[in-house]
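Asker: Sharing a structure with you now.
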Amino acid sequence: MKKIPFYELKPGQIVAEDVFKESTLLIPKGTVLKSSDIKRLRSHGIKIVNVYDENDFIEKKIEEKISIEFENIPPIVEEETYNEWHQHFEFVKDITYLKDDPSELDSLAEDIYKKFLKTEDVVLNLFHAIGNEALNSHSINTSIIASIIASKLNMPDVFFDSLVKTCLLHDIGYSLIGKRVIFDYIDLEDVTVRSHIVSAYETLKNIQKNIGKEIVDAISTHHERYDGTGIFMRLKENAISPLVRILQIGDAYDSYIEIGNSPYDAMSFLLRYSGLIFDPYYVSIFFSIVGLYPTGSQVILNNGKKATVIKKGKTSSFPIVECDGETIETGMETGLFIREVLKKGE
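Once you know that position 173 of the sequence shown is 173 in the numbering used here, the rest is easy, because the numbers rise by one and skip nothing.
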């Protein structure tokens, strides 16, 4: 690591320590500098920045913060793009920064939803992280899944924008209180679960002119349930914002996988609680996109061979799989069917 004066900074250098201006995070550790980042530092009067040098890479001092869920399947988005979103989210979840300048939220939301505006063939292979970085990945993954659903419904750009912003900020309450319940769809009496909603509302209501009242309202009601048994307000069915009803699909699916379940288990959970927790219409839309066996599901075929689901096939029950290095579409034409679904790690 070495200290660099701002006038010697160059695009491509990697920031080695968080850069703050008073209490505001300007550039998080691990950011690959762009010209716009350097201009931001200059405008805030930052004189010195710590960056990694070549020896840091040789000694492997920089650790990967995120990893792809299934290594042998193409990711849903390029790793470089995902890393950029991950870095930008550090600004988005900084309330002080968000209060002064919501442009980072605007830019990140637009980048995500435009990536999935015309999504047709979904390979739902997501990135995840551990520790302090996990909330970033979960928020982005929720946004990706919600964008895919909204794309299928041909929603207007203005809806996409509000939806993705809601997804990005939906769990910001956990960041504010300093701890997180990863899968928070079962025990609604949990103090931490309830606190993350209250803390988010109390904080965001003061800056709703910057991010939109409908977004703040959606975040504060994102644990209402379709059958009316949710937290606090007991809203039911269409009384719950469509922003929330779509968000919940991505939120529950991703967090269920994050706690160690398989994609098949996550889809099964959505189907089991369709009409109870989740809007059955949006569950059916997601089901039509990824099928009964989402990307990464480990299965045994009727010929006894183990296979990995790559993506949905022509129908929801007959996915495209990878088996012995070969890509195969299950169904009547090949005579191959899924006989059994394996638990994660089997």
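Each residue gets a CB set at the ideal place from its N, CA and C atoms; glycine is no exception.
1) Leaving out five residues on either side along the sequence, give the residues of the same chain with a beta carbon under 7 Å from the beta carbon of Ile-257.
2) Does the distance from the C-beta atom of Ser-139 to that of Leu-163 stay below 8 Å?
3) Pick helix, strand or coil for Gly-331, following the three-state DSSP scheme.
4) Closest to Thr-81 by CA distance: which of Ile-197, Ser-103, His-222 and Leu-108 is it?
5) For Lys-99, which of helix, strand or coil comes out of DSSP?
6) Counting beta carbon pairs with one atom in the segment 140 to 154 and one in the segment 266 to 276, are three or more of them shorter than 8 Å?
7) Taking the beta carbon of Pro-11 as the centre, do at least 16 other beta carbons fall within 10 Å, making it buried, or is it exposed?
8) May I ask you to list the residues that DSSP assigns as paired with Asn-50?
9) Does the contact criterion of 3 or more C-beta pairs under 8 Å hold for the segment 172 to 181 versus the segment 193 to 200?
10) Enumerate, from N- to C-terminal direction, the unbroken alpha helix (DSSP H) stretches of 4 or more residues contained entirely within the segment 262 to 336.
11) State the DSSP-derived secondary structure class of His-170, mapped to helix, strand or coil.
12) For the alpha helix (DSSP H) containing His-223, list its first residue and its last residue.
13) Exposed or buried, what is Glu-63 when buried is set at 16 or more other beta-carbons lying within 10 Å of its beta-carbon?
14) What do you get for Ile-117, buried or exposed, if any count of 16 or more other CB atoms within 10 angstroms of its CB means buried?
15) Name, in chain order, the residues that DSSP records as bridge partners for Lys-21.
16) Put His-128 into one of helix, strand or coil per three-state DSSP.
17) Mapping the DSSP letters down to three states, classify Glu-348 as helix, strand or coil.
18) Can you say whether Lys-93 is buried or exposed, counting buried as having 16 or more other CB atoms within 10 angstroms of its CB?
19) Based on the DSSP secondary-structure assignment, which residues constitute the bridge partners of Val-216?
20) For the alpha helix (DSSP H) holding Glu-340, just list the boundary residues, first then last.
21) With burial defined as no fewer than 16 other Cβ atoms inside 10 Å of the residue's Cβ, what is the status of Thr-327: buried or exposed?
22) Using three-state DSSP, classify Ile-259 as helix, strand or coil.
Answerer: According to the data block:
1) These residues qualify, in order along the chain: Pro-263 and Ala-266.
2) In terms of Cβ geometry, Ser-139 and Leu-163 do not form a close pair [threshold 8 Å].
3) Three-state DSSP puts Gly-331 in a strand.
4) Distance check between Thr-81 and each of Ile-197, Ser-103, His-222 and Leu-108 places Leu-108 closest, using alpha-carbon atoms only.
5) The answer is helix: DSSP assigns Lys-99 an H, G or I state.
6) Contact between the segment 266 to 276 and the segment 140 to 154 is absent, because fewer than three Cβ pairs lie under 8 Å.
7) Exposed: under 16 other Cβ atoms inside 10 Å.
8) DSSP links Asn-50 through a beta bridge to Lys-3.
9) The segment 193 to 200 and the segment 172 to 181 touch, with three or more beta-carbon pairs separated by less than 8 Å.
10) For the segment 262 to 336, whole alpha helix (DSSP H) runs of length 4 or above, ordered along the chain, are 263 to 272 and 280 to 290.
11) Here DSSP, grouped into helix, strand and coil, assigns His-170 to coil.
12) In the DSSP assignment, His-223 falls outside any alpha helix (DSSP H) and carries neither an H nor an E.
13) Because the pLDDT at Glu-63 is just 46, under 50, the model does not fix this residue reliably, and the value given afterwards should be weighed accordingly. By the Cβ neighbour-count rule, Glu-63 is exposed, with fewer than 16 other Cβ atoms within 10 Å of its own.
14) For the sequence presented, residue 117 should be read as Leu rather than Ile. Exposed: under 16 other Cβ atoms inside 10 Å.
15) As computed with DSSP, Lys-21 is found in a beta bridge with Thr-24.
16) His-128 falls in the strand class under three-state DSSP.
17) For residue 348 there is no data in the structure shown, the boundaries of the chain being 1 and 346.
18) It is buried - the Cβ of Lys-93 has at least 16 other Cβ atoms within 10 Å.
19) When DSSP reads this structure, Val-216 sits in no beta bridge, so it has no partner.
20) Run containing Glu-340: none in the alpha helix (DSSP H); it sits in the beta strand (DSSP E), 338 to 341.
21) Taking all protein chains shown into account, Thr-327 has fewer than 16 neighbouring C-beta atoms within 10 Å of its C-beta and is therefore exposed.
22) Collapsing the DSSP output to three states places Ile-259 in coil.
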